[in-house]
Amino acid sequence: MTSEILSAINILTQPLGAAEASAQTSQQEALHAALGANKSVLLERLRSDGRLQRAARMRDEAKGEADWYGGETDDVTWSFVQECLLLLLTLTRHLTEELKRFQEAPPPSGSLRTPEMAPPLPPDVLSVSQQKTLGAALQFVVSLGVCPYLSAGVGVPLGRRSAFGSVVEKLIGRETSPPAGRRLLTTTRVLLQVAERATLATLVFSRHLGDVMAALCQLGYEPHREDRRPLSSEECRWCKEALRNLLGKVYQPIVVKELLVLQGGPKQSGPAGSSRAALGSAPAWLRRLCGQLLSERLMQPSGVQAVVRAVLEGGTGGDSDWRKCDAVARILAACPQQSASADGYFRLVCPQILDLLHFRDKLTAQQFQRVATMAALSMVQERPAFAQQYLLAPLLAPLHRCITASAEDHPHVAVEESDLTRCLEDVYKIWVVGNSPSPTLLAALQDVLPVIFTLFCFTKRSVSHLRAPCQEILLWFLKLSETSAALPLLRQLSGLRERRNDVAAAAFHFTAGGDGGVRLVCRQACSDADEELYEKLSGEQWRLECLVQLLAQLSDSDLAGDFFLDLLQELTGWAAALDEELKDEEQVDVAAMTLLEVEQQLLGGAERRAEKLTLLQALAVMVESLEQEQLLRKTSQVVDFMVSLLQRACVGLDGASAPGVGNLVESQTLSMGMGLVATLLSAPQISAEDYSCMSKLLRPLEALSQQHPDVVVQELASNLRAVIATHGAFRPESLADAARCRGNPDEMTKSSKARSEGRSQQTPVGRFPQRPSPPSSSGDPDPSNKPLSDWLLEACDLDVPTRAVALRVVTRMVQRRHPEAVQAQEKVLTLFLENLEHEDSFVYLSAIQGLAVLADSYPGHILERLLQDFQRGPSLPSSKQERSLETRLKVGEVLMRASRAMGELAPHLGRPLLSVFLQGTRDPDQSVRASSLSNLGELCQRLDYSLGPLAQELSSCLTALIKTEREAEVRRAAVHVIAQLLRGLSDKTTQVLSDVLLDLYRALKLAVRSDPDPAAVLHAQLALEELDHVMRRFVFPEQKLEKKIVVLP
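Sequential numbering of the sequence shown, starting at 905, is according to my numbering.
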């Protein structure tokens, strides 16, 4: 029966034959004739064709129940639409009855049904061809029965959809009966009745939803004069209710998209042919209605997501999509006029905006996150109060819960791993990715930043994917916040202030989660007080180290230097208050105090000492971990540093026992600091701004020049003050001397005294006489001053500097082939070997250098002895067996330097070394194996063509080590040997290593793919790059443009 009804629909909608179409004079007439002819053919077939009798009977029943059917009319198009509507109603009624019988029918018996059988299809399922036929009928109904009767500006006109639409617009007559409003109501009602069946609703709304919505909007809401209203009040109310029901049933992003289309383009449309001009300008009543309906869609549950999907669905992530994201974000941040209150709007929308941050699909997540980030930033700027209450507070709730959690409320887990992970990811997306620092955002983040820092310190000790977000968030705040806000925070994080807004360390602590995240759990009571104290102290030290690591990342910021100077200033204040504290302690009469007062006095002193220790610890870690260029990046910071240093030196100068004046370390520090000021003043060009900044040094320099007990310091301070005060007009020669000697305070003192003695013999004229530079004392003594025997004796001295200098002198004598050194070759060799076992690096490095020079001068005998010691251990009777391994490694260093010095003699002298190094790769100790491989690489890259006969053996050794060696250090060295080999042979690689090149390549690829050591993988990648360069030069040799001149005989 379904196929019979669809056959009738097909007869009604089939296209006009070619012969008939050619006889027509215009498109309108051809369409008019085709509609009339198809209707006549259908009625004839329904009367005469026996196969369509049931379809004709059901059509007549539907016709009898249709109160809108007007019978025969002169308007062919409306008559055609009526027939289509009757057949659609007939099909809908039939499918409804069939589906009801299908649902009431008992299921087939178990004996007739097998597990492999598919469930029976319901009768309302249509084939592809049937859907095509039904879609054609719906298109005729909408084109002839809906679109022509829409008012101007309502919906998209037919003429702008296709050429067929222009033909239809000219064909429709709006003056004939029934009137246009009644026709539009009839068509819309029938389409909604058809859409009650789910199968047919898909066909109706997938293509014609916008037209149906436009018709319902016009029928229900278009204003009319009372005497010209086409519909009754009841019918208008029905249309409004039908529109509400339709908008509630359809997929919301599609509804939003169609409402945006109905709302039309701007009132002043763009140029003809543009997309905005194609939309046209909708009437005012329709624009208001669409705005109200869009606001209702937005404020529904998941309404924000529906609006975003409607605008962005189908995008590719290009520039136009990003502009759409920004536009949608601005819409979400603005409260619509239809909203009852701004508070209610933001209460509904803000949670949905946060949900946009949690999508996992890559393209969708990028677009949604941009919309959410931009919307959040716009809300923070335009509505900070609502954003703080409904957006930022829920977003940061897990971090606030870390601060306010109590053991009574959360006896086990205070914050779950998923909540903390989601919170930090959201903070990273809005604060760091959004990168729009506003006072509201900075203040909200500052409240929870101690928790994030504590979490960062925990992740630095373990493996967690939250480490990078925490670090980026902390760096973002420190970079963009004001110095006045960042410095107190740094003091709190470093432990110099009481910890506020942080995790309660006594009750809770962070632990690793199951998915690579972190959760906050209740801390178990510790019974060991010493262990608890150790954990507390080590935790504070670790927090300080993590803070300094963060400051090290701020390479382009002055914050690290400002914090350093702030700590120095506090240290200066404590130094100034030291005398008063000592006097107060001396004046305290303990006998007259109560026990409580004594306890408070002692606790107060202990707290002050703890604060001082914390300050000194922070300064020490910063000086050790941060580069000087980062601590003092600008001249103003250097000047502030000097002000702090000089102020500490001025503390108590007027007292008899001035603290620090007699302290050698502090005196030298003061001298070096003043030398630093002299260096600044000795620069070729100093700006007026720098001199203005240095004016802060005038007062402490004046105090030092008048009160310091050291005459040299007084003189230098007076000169520096004069240079700064005169902006460089007065420049004594002592300034350059102080700048040169600022690394050596003693030398500065000597030069100053010498200059004072020389100056006492001349008349002072405001400038000091030029002083000849003293001979340098940093060079080595002249070996010709003493015989070799004396130097050999000094090389056995217990004083380390004396011994090291003697070894260097003997080395230079061997290098210059001194006659005594040539005759005492064995004694020199024994001396160097004995000092090779010395534990001081100054001594054994001098011995290594001496042995290398000795091996270069007399390779035959010396190399044989060194190879024996490297292979079997030290051969001297006085050698200590417990230091045998260390001595062998030092001998390996000597052999490596000797290999480098061989040069072109390596093919002749390197054969014994090559054999020993290959044997060393099988040594039981991993350090010796690695040393042998390192020496092997240095030697092989200098052997050139003489390596050819040994290539197979060398390749077997290296590939076996790469594949089977357990120690990462040895595998790393084996891969590095291949890299050195390729680098040394260069273009000769394809000739010398032709037989083993493939094996080496496979070994390198194996290391890259499967070696767990990152350093070995890096070495393998570098070796492959070197091999790639070699093969490229071999396959594509460099083209040389040469001109040859041949002289013919």
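Cβ atoms here follow ideal geometry from the backbone N, Cα and C, with glycine treated the same way.
Chain-order list of residues whose beta-carbon lies under 6 Å from that of residue i (same chain, five-residue window excluded)
i: ARG1720; result: none
i: SER1750; result: ALA1708, LEU1711, ARG1712
i: LEU1261; result: GLN1273, ALA1276, ASP1330, LYS1333
i: ASP1594; result: THR1539
i: GLU1869; result: ARG1875
i: GLN1823; result: none
Chain-order list of residues whose beta-carbon lies under 7 Å from that of residue i (same chain, five-residue window excluded)
i: LEU1799; result: LEU1770, PHE1774, LEU1817, ASN1839
i: LEU1003; result: PRO1026, PRO1027, ASP1028
i: LEU1758; result: VAL1718, VAL1732, LEU1733, PHE1736, ILE1766
i: GLY1559; result: In this prediction, GLY1559 scores a pLDDT of 47, lower than 50, which makes its location untrustworthy; the coordinate-derived value is nonetheless stated afterwards. There are no such residues.
i: PHE1968; result: Residue 1968 lies beyond the stretch modelled for the chain, which goes from 905 to 1953, so this question has no answer here.
i: PHE1362; result: PHE1414, VAL1422
i: ARG1804; result: GLU1842
i: GLN1753; result: THR1715
i: ALA966; result: LEU990, LEU993, THR994, ARG997
i: ILE1866; result: ARG1875, ALA1878, VAL1879, ALA1907, LEU1910, ALA1911
i: ALA1182; result: Residue confidence is low: ALA1182 scores 48 on pLDDT, short of 50, so the model does not pin down where it sits. No coordinate-derived value is stated.
i: LEU1391; result: ASP1466, PHE1467, ASP1470
Own chain, CB closer than 8 Å to residue i, minus 5 neighbours either side, in chain order
i: GLN1350; result: PHE1381, SER1385, ALA1389, LEU1393
i: LEU1523; result: PHE1468, LEU1471, LEU1472, LEU1475
Start-to-end residues for the beta strand (DSSP E) that takes in residue i
i: CYS1306; result: From DSSP, CYS1306 is part of no beta strand (DSSP E) but of the alpha helix (DSSP H) over 1301-1308.
i: THR996; result: No beta strand (DSSP E) contains THR996, which is instead part of the alpha helix (DSSP H) from 980-1008.
i: THR1106; result: Unbroken run through THR1106 is the alpha helix (DSSP H), 1102-1125; no beta strand (DSSP E).
i: LEU1851; result: First-last for LEU1851: undefined, no H or E at that position.
i: LEU1437; result: Premise fails: LEU1437 lies in the alpha helix (DSSP H), 1433-1457, not in any beta strand (DSSP E).
Residue closest to residue i, alpha-carbon to alpha-carbon, out of the options
i: THR1968; options: SER983, ALA1186, GLU1002, ALA1056; result: Because the chain is modelled from 905 through 1953, residue 1968 falls outside the range shown and cannot be assessed.
i: ALA1099; options: SER1070, GLY1039, VAL1337, LEU1123; result: GLY1039
i: ARG1086; options: TRP972, SER1137, LEU1854, LEU993; result: TRP972
i: ASP1829; options: THR1706, GLY1777, SER1540; result: GLY1777
i: ALA1629; options: SER1596, SER1609, GLU1619; result: SER1596
i: PRO1588; options: PRO1613, GLN1618, ARG1635; result: ARG1635
i: CYS1954; options: LEU1267, ARG1305, ASP1917, VAL1094; result: With the chain covering 905 to 1953 only, the question about residue 1954 has no answer from this structure.
i: GLN1270; options: GLN1292, CYS1229, ALA1210, ARG1326; result: CYS1229
i: CYS1051; options: MET1283, GLN1034, GLY1114; result: GLY1114
i: PHE1545; options: MET1576, GLU1515, THR1518, LEU1517; result: MET1576
i: ALA1607; options: ILE1590, VAL1547, LEU1584; result: VAL1547
Three-way DSSP call (helix, strand, coil) for residue i in this model
i: SER1779; result: coil
i: LEU1359; result: helix
i: SER1185; result: strand
i: GLN1172; result: Because GLN1172 sits at a pLDDT of 45, beneath the cut-off of 50, its placement in the model cannot be relied upon, and the point is left open.
i: GLN1666; result: Here the model assigns GLN1666 a pLDDT of 37, short of 50, so the residue's position is not dependable and the matter cannot be decided.
i: HIS1262; result: helix
i: ALA1291; result: helix
i: CYS1239; result: coil
i: VAL1747; result: helix
i: ALA1416; result: strand
i: ALA1318; result: strand
i: LEU1025; result: coil
i: VAL1422; result: strand
i: TYR1332; result: helix
i: TRP972; result: coil
i: ASP1230; result: helix
i: TYR1249; result: helix
i: ASP1827; result: coil
i: HIS1631; result: coil
i: ALA2007; result: Past the edges of the chain, shown from 905 to 1953, lies residue 2007, and the structure says nothing about it.
Opening and closing residue of the alpha helix (DSSP H) in which residue i lies
i: ILE915; result: 906-917
i: TYR1595; result: 1592-1598
i: VAL1543; result: 1539-1554
i: ASP953; result: Per DSSP, ASP953 belongs to no alpha helix (DSSP H) and is neither H nor E.
Residue i CB to nearest heavy atom of the ligand SAH below 7 Å
i: LEU1945; result: Questions concerning the ligand SAH fall outside what the structure shown contains, since it holds no ligand whatsoever.
Open item on the list: For a minimum of 4 consecutive residues, which ranges assigned as the alpha helix (DSSP H) are wholly contained in the region 1686-1774?
Closed with: 1692-1698, 1704-1719, 1723-1727, 1729-1739, 1745-1761
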